[in-house]
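Numbering of the sequence shown is given in UniProt numbering, commencing with residue 1 and proceeding in unit increments. Report on the structure given below.
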Amino acid sequence: MLTKQLSLLEETIDAAVEQQLGKEDVEESGTVVSIDNGIAVIKGLKAVKNQELIKFPGGTMGMAFNLDFRSVGVILLGEYKHIQSGDRVTRSYQVADIPVSQEVLGRVISPLGEPLDDLGPIEMDRRMPIEREAPPIMHRAAVNKPLQTGLKVIDSVVPIGKGQRELILGDRQTGKTAIAVDAIINQRKADVICIYCAIGQQITAVAKVIEMLKEHDAMDYTVVMVAGSESAPGVSFIAPYAATSLGEYFMEKGRDVLIIYDDLTRHARAYRELSLLLERPPGREAYPGDIFYIHSRLLERSTHLKPAFGGGSLTALPIIETQAENLSAYIPTNLISITDGQIALSPKLYQKGNLPAVKIGTSVSRVGGKTQVPAYRQITSALKLTYSQFEELETFASFGTRLDENTKRILERGARIRAVLNQPQYQPIEVTEQIGILMAVTSGTLDSVPVNKISQAEKIIQSLVREDETFRKQLMEAERLDEHVKESFLQRVSDRLKEEWDEADGKPAID
């Protein structure tokens, strides 16, 4: 009798091994204890790993986020209204990842890689985890190539290099997204892949950005990743990490990538919401203590790789929103310390119509100056000095005091520099044309042009630069712009302006 029972037990064990029931034992499945606001508490998953995907009924996925002794806190990455307490969940044995391939270009996708644009499925090349270690120092190369935005005020005063992290910050409705979209549009001929990551945005706002990119033929080299405001907070949390993994896929293939995070203020709020729901201890402004770490480990992944490791670059333009221009608030302070410079936007300049509303005194680039075209560097110092003097004297002159001739000249030239730095949206300007315009205004060639006619003078200078291929070539290739070439160009500008303007009454001969 005993022998028969032992034989039966052995057969049962063999059958269990053949059916691989190990994946369905009590250790690998669990039960939903509670679910609310995008957070589920699970009991029974004792062997689950951090950031492992959990399968819920109906195909919804979640990511293990809190590994407590008695339960697991899971952030949900999809619709969860159909999930109830008592539902059974299982492990997936894989960390949260995203499918990547060349076919994502021109598509609108979710942070999980699902298409959102009705253009059919996307063929996957491979899957990459959304959380990856930043490249080690020995794999990184110097940031030595410029990434042109096409905006005069940025490319001249706060230039950006490929592999840099440049923060864009400002109050609501000051043109932060507009700068990012202009930078994407300007990459049309630069062989740069762009990723626009919308975090917690209204779908109507994202639709406008997509429509503008299509209108300017920029979607061919752009991926739009959307975590909408109606999505679960967990989706907004993983969105920038998933977008960065997608960018790293192209970077490791030797491509240059520009990634826009719009915006990390909403990302921080989503993380705060998740952390408080998971009962993590709050800190300053109710943010958890590791809020700095979640952004630093994201932005440290932006770099320029050495040729031996692919040679590509990942340039990050994170956007954040300030309150009443308060740069010393918690999240702005954190991100300013992580990034390599910031482009600060001023609501006062925006209200005056000075667009882009970049506040030159507060904006800085700690890396990009080394990447500028040498001819650009020659004129930048004069531009910053003249404009800084103008801003100081402008406030002084507003009191109605009597001014000497030198002060008047500084004010007149500063007003023309400000007019030159203004630029219509969606109209990026090629770098050699930018240099020609700024060279003319800093040298005083445009001092006689009325401020309200500066835009017409700019068009004349742009046409002169386009006509002179030798001048363009020297601007891009010479280590230093020859003084004779510079004077010759400025003389041609002066002569052409005299032809267009009637010197007798100071009005343009043609409108």
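Using N, Cα and C, we set each Cβ at its ideal position, and we do this for glycine too. Keep in mind the model is a prediction, meaning the values are calculated, not measured.
Report the residue from the options whose alpha carbon sits nearest the alpha carbon of residue i.
i           : options                        : result
residue 544 : Asn66, Asp182, Thr371, Asn50   : Within the shown structure, residues of the chain are numbered from 1 to 511, placing residue 544 beyond reach of any answer.
Ala178      : Ile154, Ser296, Lys189         : Ile154
Asp125      : Gln423, Leu116, Val104, Arg266 : Val104
Glu487      : Met439, Leu327, Asn37, Ala268  : Met439
Leu317      : Ile260, Ile338, Ala324         : Ile260
Glu433      : Thr395, Asn406, Glu467, Arg402 : Glu467
Asp220      : Arg413, Gly106, Ala232, Glu79  : Gly106
Thr60       : Lys253, Leu77, Phe69, Arg70    : Leu77
Arg480      : Ser381, Ser388, Arg492, Ala375 : Ala375
Pro240      : Asp263, Ala232, Ala218, Gly254 : Asp263
Asp171      : Arg280, Leu335, Ala324         : Ala324
Gln202      : Ser229, Ile39, Lys384, Gln102  : Ser229
Arg70       : Lys81, Gly58, Lys43            : Lys43
Ile39       : Val373, Leu276, Glu483         : Leu276
Leu335      : Gln5, Leu169, Val74            : Leu169
Excluding the five sequence neighbours on either side, which residues of its own chain have a C-beta within less than 6 Å of the C-beta of residue i, listed in chain order?
i      : result
Ile45  : In the sequence on display, residue 45 carries Leu and not Ile. Once the five neighbours on either side are set aside, the close Cβ partners of Leu45 are Gly30, Val72.
Arg366 : Asp340, Gly341
Leu8   : none
Glu114 : none
Ile238 : Pro111, Ile130
Ile35  : Ile83
Arg127 : Asp97, Pro99
Lys348 : none
Could you check how far apart the C-beta atoms of residue i and residue j are, in whole angstroms? I think they sit under 8 Å.
i      : j      : result
Met212 : Tyr426 : 7 Å
Ala357 : Thr174 : 5 Å
Val32  : Ile83  : 6 Å
Leu274 : Gly234 : 7 Å
Lys176 : Leu345 : 6 Å
His267 : Ile199 : 5 Å
Gly247 : Ile195 : 5 Å
Gly369 : Pro159 : 6 Å
Quick one: residues in its chain with C-beta nearer than 8 Å to the C-beta of residue i, no 5 flanking neighbours on either side, listed in chain order?
i      : result
Ile437 : Lys152, Val420, Ile429, Glu458, Ile461, Gln462
Ile379 : Ser156, Ile435, Leu438, Met439, Thr442
Arg416 : Val441, Leu446, Asp447, Val449, Val451, Ile454
How big is the Cα-Cα spacing for residue i and residue j?
i           : j      : result
Gly312      : Phe250 : 8 Å
Pro129      : Asn50  : 13 Å
Gln187      : Asp87  : 49 Å
Val449      : Ile184 : 32 Å
residue 523 : Asn66  : For the chain, the structure presents residues 1 to 511; residue 523 sits outside this window and is missing.
Asn452      : Asn37  : 54 Å
Lys498      : Gly150 : 28 Å
Gly161      : Ala142 : 10 Å
Ala242      : Arg472 : 40 Å
Gln148      : Ile109 : 26 Å
Leu411      : Phe399 : 14 Å
Gly22       : Tyr93  : At Gly22, the pLDDT of 44 sits below 50, so the modelled position is not reliable and the matter cannot be decided from this model.
Phe396      : Ala232 : 52 Å
Leu464      : Gln474 : 15 Å
Thr303      : Asn406 : 46 Å
Asp495      : Lys408 : 25 Å
Ala478      : Arg377 : 12 Å
Ser296      : Ile338 : 6 Å
Leu119      : Leu490 : 52 Å
Lys306      : Asp97  : 26 Å
Thr362      : Thr333 : 14 Å
Tyr271      : Leu327 : 21 Å
Val41       : Val95  : 18 Å
Ala509      : Trp501 : For Ala509, the pLDDT reaches just 45, beneath the cut-off of 50, and the residue's location in the model is therefore unreliable, although a value from the coordinates is still provided. Spanning the two alpha carbons is a distance of roughly 5 Å.
Leu116      : Val485 : 53 Å
Leu278      : Leu167 : 30 Å
Lys384      : Val364 : 11 Å
Asp217      : Glu52  : 39 Å
Gly444      : Glu391 : 18 Å
Lys253      : Glu133 : 18 Å
Pro424      : Ala180 : 14 Å
Can you list, in chain order, the residues of its chain whose CB lies under 7 Å from that of residue i, leaving out five sequence neighbours each side?
i      : result
Thr265 : Ile320, Glu321, Ile331
Ile210 : Val108, Val224
Tyr387 : Ile360, Gly414, Ile417
Thr244 : Ile259, Leu298, Arg301
Arg255 : Ile193, Gly312
Leu403 : Ala397
Leu393 : Thr407, Ile410, Leu411
Checklist entry - Which ranges does the beta strand (DSSP E) cover as unbroken runs of at least 3 residues, wholly within the segment 112-192, from first to last along the chain? => result 126-129, 167-170
Item to check | 3-residue-minimum beta strand (DSSP E) runs that sit fully inside the segment 324-396, ordered along the chain | outcome: 341-344
Item to check | beta strand (DSSP E) runs wholly inside the segment 227-305, at least 3 long, in chain order | outcome: Here the runs fully enclosed are 256-262.
Item to check | Within the segment 435-484, ranges of the beta strand (DSSP E) (whole runs, at least 3 residues) | outcome: none
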